[in-house]
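Have a look at the structure below, then the notes.
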Amino acid sequence: SAVISQKPSRDICQRGTSLTIQCQVDSQVTMMFWYRQQPGQSLTLIATANQGSEATYESGFVIDKFPISRPNLTFSTLTVSNMSPEDSSIYLCSVEDLHPRTDTQYFGPGTRLTVL
Amino acid sequence: AQSVSQHNHHVILSEAASLELGCNYSYGGTVNLFWYVQYPGQHLQLLLKYFSGDPLVKGIKGFEAEFIKSKFSFNLRKPSVQWSDTAEYFCAVSNTDKLIFGTGTRLQVFP
């Protein structure tokens, strides 16, 4: 399976600021996903990011709040904009390859975000 | 909409005890089923998965899960747990590329 890294691993931010989280994969992958894991809760899909197309957002998540870039097949960023304490979560990226198709997602280590 | 239920939120066992964690999903079509594990301080790892074929799936570290279509269930089992199995366990379902996760079960194993 692919090796996935995320930067930063954790951060403490002030209300109203923005943070960009990076996800790097050691091989080219077709599909990348961004999830949020709020304290004590399960993982919720924010958006799907495929190279060469706009990210597809899930219900309850919008591009203005969570802009995503996918400039190539090994890298993606998620920005959490105009943060509030409610954005305090672990943000995870995952990848799934379509060539060959595995229908299986592998996860990065996550970015623990605390908003004061 | 699809949903995944894990009824055991917190399970405490002694070493060598048997484990069964429940997972039920709601979706009428064909699904792929997964169990992921998150050990303390580590990232989410795939434990096992079911796509088709034998409904009894064997995963890593002695874990297995059984898909029972009539019950919409995919319970995780291990005959004898170890202290190192202490972790959070997530059941997940997909029928496209989207994974829907359950709320997770925290397992604590005491020596």
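Going line by line, the protein sequences match chains A and B.
Numbers given in the working numbering equal positions in the first sequence, counted from 1, plus 149.
Numbers given in the working numbering equal positions in the second sequence, counted from 1, plus 535.
Just so you know, even glycine gets a beta-carbon here, dropped at the ideal spot from N, CA and C.
Per-residue DSSP class, three states only, for residue i
i, result
"Ile212/A", "coil"
"Asp246/A", "coil"
"Pro157/A", "coil"
"Ser605/B", "helix"
"Lys596/B", "helix"
"Pro646/B", "coil"
"Glu235/A", "helix"
"Ser202/A", "coil"
"Ser561/B", "strand"
"Ser619/B", "helix"
"Glu550/B", "coil"
"Pro614/B", "coil"
Residue-chain proximity (residue i, chain A), Cβ-Cβ < 7 Å
i, result
"Gly563/B", "no"
"Thr638/B", "yes"
"His542/B", "no"
"Lys604/B", "no"
"Leu633/B", "One detail in the question is off: residue 633/B reads as Lys in this sequence, not Leu. Yes, Lys633/B counts as interfacial toward chain A."
"Leu579/B", "yes"
"Asn567/B", "yes"
Neighbour-count burial assignment, residue i, 16 or more Cβ in a 10 Å radius
i, result
"Arg219/A", "buried"
"Gln577/B", "exposed"
"Ile170/A", "buried"
"Ile239/A", "buried"
"Lys584/B", "buried"
Extent of the continuous beta strand (DSSP E) run through residue i
i, result
"Trp570/B", "567–573"
"Lys593/B", "591–593"
"Leu262/A", "260–264"
"Lys584/B", "580–585"
"Thr169/A", "168–174"
"Gln537/B", "Neither: Gln537/B is in no beta strand (DSSP E) and is coded neither H nor E."
"Gln186/A", "180–186"
"Leu634/B", "Neither: Leu634/B is in no beta strand (DSSP E) and is coded neither H nor E."
"Val229/A", "224–229"
Min CB distance residue i to chain B below 7 Å
i, result
"Pro188/A", "no"
"Phe99/A", "A query on residue 99/A cannot be resolved here, the shown segment of chain A reaching from 150 to 265 and no further."
"Phe256/A", "yes"
"Ser176/A", "no"
Close-in-space but distant-in-sequence residues of the same chain around residue i (CB under 8 Å, 5 per side omitted)
i, result
"His542/B", "Gly557, Asn559"
7 Å Cβ shell around residue i - same chain, five flanking residues per side excluded
i, result
"Gln617/B", "Glu550, Val644"
"Ser233/A", "Arg164, Val264"
"Arg159/A", "Thr260, Arg261"
Own chain residues within Cβ distance below 6 Å of residue i, not counting five before or after
i, result
"Thr197/A", "Phe182, Thr205"
- Message: What are the residues in the segment 586–604 of chain B lying within 8 Å of chain E by C-beta distance?
- Response: Of the protein chains in the structure, A and B, none is chain E.
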